[in-house]
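Each residue of the sequence shown is one higher than the last, beginning at 1 in full-length UniProt numbering. Everything on this sheet refers to the single structure shown next.
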Amino acid sequence: MLRDLYDGVPGIEMIVVLSADGLRIARYSGDPDAADRVAAACAGLQSLASAVSQEIPTSDGDMKMVLIEMNGGYFYLMAAGPNAYLAVLSDVRCEPGRMGLSMADLVARIGPHLTSPARRNGQTV
Numbered sequence: 001m002l003r004d005l006y007d008g009v010p011g012i013e014m015i016v017v018l019s020a021d022g023l024r025i026a027r028y029s030g031d032p033d034a035a036d037r038v039a040a041a042c043a044g045l046q047s048l049a050s051a052v053s054q055e056i057p058t059s060d061g062d063m064k065m066v067l068i069e070m071n072g073g074y075f076y077l078m079a080a081g082p083n084a085y086l087a088v089l090s091d092v093r094c095e096p097g098r099m100g101l102s103m104a105d106l107v108a109r110i111g112p113h114l115t116s117p118a119r120r121n122g123q124t125v
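Set out below in structure tokens:
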């Protein structure tokens, strides 16, 4: 399914599925070490986004999606189920609206399979 996303949206460089604590669950394309670094960075980013969302009076405090535009491309992070996230790095050919819809479609289809159990002290709880 990650390959379907990769093949369906031009410009994708890397797709990473990660747990809330920043561990890579799966990846498609890109260097495995880079995918581990992206997963670790995403843990902090999703935590920051959730904290900021709590400052919006009408928000439930849950992070849905983060989009960062940078020189040369985009970074997308989307909640994909309990304790799981979907991250995508793309070049500038990728259209953000199309990517958001494609990621949301993927999450809706396989979100329950992307769930990561909570861990405490390295053990599943």
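All C-beta atoms in this analysis are idealised placements derived from N, C-alpha and C, irrespective of residue type, glycine included. Keep in mind it's a predicted model, so treat the numbers as computed, not measured.
Distance between residue j and residue i (C-alpha atoms, nearest Å)
| i | j | result |
| --- | --- | --- |
| serine 29 | valine 107 | 18 Å |
| aspartate 36 | leucine 18 | 9 Å |
| leucine 23 | proline 82 | 14 Å |
| valine 92 | glutamate 69 | 9 Å |
| serine 59 | alanine 49 | 12 Å |
| aspartate 21 | asparagine 71 | 28 Å |
| valine 66 | tyrosine 76 | 6 Å |
| aspartate 62 | methionine 14 | 25 Å |
| methionine 103 | leucine 86 | 8 Å |
| alanine 79 | alanine 40 | 15 Å |
| valine 16 | arginine 109 | 17 Å |
| isoleucine 25 | alanine 43 | 13 Å |
| aspartate 31 | valine 38 | 10 Å |
| leucine 101 | leucine 45 | 21 Å |
| aspartate 33 | alanine 51 | 28 Å |
| lysine 64 | methionine 99 | 14 Å |
Beta-ladder partner(s) of residue i, from DSSP
| i | result |
| --- | --- |
| aspartate 91 | Gly73 |
| leucine 86 | Val17 and Met78 |
| isoleucine 12 | Ser90 |
Any C-beta of chain D under 8 Å from that of residue i
| i | result |
| --- | --- |
| methionine 14 | Protein chain content of the structure displayed is limited to a single chain, and chain D is not contained in it. |
Quick one: which unbroken beta strand (DSSP E) runs of 3-plus residues sit fully inside the stretch 18 to 80? Chain order, please. For the stretch 18 to 80, the continuous beta strand (DSSP E) assignments of 3+ residues that do not extend past its boundaries occur at 24 to 28 and 65 to 70, in sequence order.
At a cut of 8 Å, does the stretch 1 to 9 reach the stretch 38 to 57 through at least three beta carbon pairs? Using a C-beta cut-off of 8 Å, the stretch 1 to 9 makes no contact with the stretch 38 to 57, since fewer than three inter-stretch Cβ pairs fall below that distance.
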